[in-house]
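For the sequence shown, this note's numbering gives the first residue as 295, with consecutive numbering after it. Cβ atoms here follow ideal geometry from the backbone N, Cα and C, with glycine treated the same way.
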Amino acid sequence: MPRHIVLVGMMGAGKTSVGLWLAKAKAIPLYDLDQLIEEKEGKTIPQIFATEGVEYFREKEMELVNQIVSYPPGVVATGGGTLINPLNFMLLKRHGRLFYLQASLDLLWVRLKDKTDRPLLLGKEPKITLERLLKERESLYKAADIEIAVEGKTVEQLGELLWNYWEKMEKTNLS
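Okay, structure coming up:
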């Protein structure tokens, strides 16, 4: 049975954009964790963080991962912190092929510096926070099956590259 294409990486790396492209271009379902949580909760991620807290959000994220792994194979666009929970990592790895969309701190900062919908970056030193989060999470991301540098590539190029890797992995059934 085919496995999910699981996109992991930092906020701003392009997981949602690549996921949307893949879903449309390859006619497969997209399971965007942040979007699905927002729909289920009836609030934006910043509102959830502000009213319920980060632990509540991570709990809802874990519940959703637990459900998604049984859904028909598609693209799973994870949140930047999804892999912090070892259970999420284990489930996604068992039921999917993990692709780390790797972006440099500088590229992430260019993409995120003017965003107001990233609750973890709303403090006094957002670039320092972003750098800290990247350092904390990078080893989790690097445990993915494939690492793809996003710099200098279009969403379409990333999507095609990812799809080709996924097809090859599925055909040869590599772990």
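Residue i (DSSP reduced to helix, strand or coil)
| i | result |
| --- | --- |
| SER469 | Bear in mind that the predicted position of SER469 carries a pLDDT of just 49, short of 50, making it too unreliable to give a figure here. |
| ASN458 | helix |
| VAL359 | helix |
| VAL312 | helix |
| ALA307 | coil |
| ALA321 | coil |
| ASN379 | coil |
| TYR365 | coil |
| LYS337 | coil |
| LYS429 | helix |
| GLY446 | coil |
| GLU419 | coil |
| LYS407 | coil |
| ARG388 | helix |
Environment of residue i [buried if 16+ CB atoms lie within 10 Å]
| i | result |
| --- | --- |
| ALA443 | exposed |
| GLN396 | buried |
| SER469 | Because SER469 carries a pLDDT of 49, less than 50, the predicted location of this residue cannot be relied on, and no value is offered for it. |
| ASN382 | buried |
| VAL348 | exposed |
| LYS462 | exposed |
| ILE342 | buried |
| TYR435 | buried |
| ASP400 | exposed |
| ILE422 | exposed |
| GLY375 | buried |
| TYR350 | exposed |
| LYS318 | exposed |
| ALA371 | buried |
| GLY373 | buried |
| THR310 | buried |
| ALA307 | buried |
| ALA438 | buried |
| GLY336 | exposed |
Beta-bridge partners of residue i, as assigned by DSSP
| i | result |
| --- | --- |
| TYR394 | VAL302, GLU441 |
| TYR350 | In DSSP, TYR350 forms no bridge with anything. |
| ASP326 | ALA371 |
(request) Determine contact between the segment 377 to 393 and the segment 297 to 310, defined as no fewer than three beta-carbon pairs at a distance below 8 Å. (result) Contact between the segment 377 to 393 and the segment 297 to 310 is present: three or more C-beta pairs spanning the two stretches fall below 8 Å.
(request) Report yes or no: do three or more beta-carbon pairs, one from the segment 362 to 379 and one from the segment 307 to 326, lie closer than 8 Å? (result) Counting C-beta pairs with one atom in each stretch, the segment 362 to 379 and the segment 307 to 326 have three or more that are closer than 8 Å, which means they touch.
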